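So for the sequence shown, numbering that gives the first Met the number 0 puts the first residue at 0; every next one is plus one.
By construction, the Cβ of each residue, glycine as well, lies at the ideal position given by its N, Cα and C atoms.
Since we're looking at a predicted model, the values are computed, not measured.
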Amino acid sequence: MVIEFTRMIVGTEAQQRTMLRLSLEPADGREQSLPLRQGRAIAWIAEALAPLRKQLPEQEIHQLVLAIRSAIGIESLVWLTDVGGLSREAAVASMRWSAGALLSQALLAGMPGAGPAPSAGHQPAKPQVTPRYPG
0 MVIEFTRMIV GTEAQQRTML RLSLEPADGR EQSLPLRQGR AIAWIAEALA
50 PLRKQLPEQE IHQLVLAIRS AIGIESLVWL TDVGGLSREA AVASMRWSAG
100 ALLSQALLAG MPGAGPAPSA GHQPAKPQVT PRYPG
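And the structure:
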């Protein structure tokens, strides 16, 4: 899902940037209707994470959905390319890595503010994480 979503963001980057710009402009007291910024990605990510309902409470899944969306949207691409100076390819690789890191961390330790580690009834699967860099 993340691969397809980031591919779509890059493929429609000009339109995505326009919608982002419009969403940031004041509406002069009028209600702003931006049909392409209605949070559809949230539903797509939630659907992709549905199998985790056996491992994580619903609130943590929702937090994870929002965290992943923040890592893979046009906002991230704009920052990584325009501010961070990355190429589009490097930016997309970073976005995908970030989404995977968020998922791994959620499964390993839960989401921030979620309280103590899950009880015996909600033990997350512990992914095998092998550090690639000496620490």
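query: Rounded straight-line distance, which links the Cα of Ser22 to that of Leu107; result: 35 Å
query: Other residues of its chain near Leu51: CB distance less than 7 Å, five sequence neighbours each side excluded; result: Ile60
query: Closest by C-alpha distance to Ile8, when choosing among Pro111, Asp81, Leu101 and Ser75; result: Ser75
query: Given Ile44 as reference, the closest of Pro56, Asp27 and Leu65 once Cα atoms are compared; result: Leu65
query: Alpha-carbon to alpha-carbon, Asp27 and Thr5; result: 32 Å
query: Residue environment, Ala13, which counts as buried when at least 16 other CB atoms sit within 10 Å; result: exposed
query: Closer than 9 Å to chain D by CB, Glu12; result: Here there is only one protein chain, and chain D is not present.
query: Element boundaries [alpha helix (DSSP H), containing Ser69]; result: Glu57 to Ile71
query: Inter-residue Cα distance where the pair is Glu57 and Arg95; result: 23 Å
query: Sequence-distant residues of its chain with Cβ nearer than 8 Å to Glu3 (five each side left out); result: none
query: Integer Cβ distance of Arg16 from Val82, believed to fall under 8 Å; result: With 8 Å as the limit, Arg16 and Val82 do not qualify as a contact, their Cβ atoms being about 14 Å apart.
query: Per-residue DSSP class, three states only, for Asp81; result: helix
query: Environment of Ala42 [buried if 16+ CB atoms lie within 10 Å]; result: exposed
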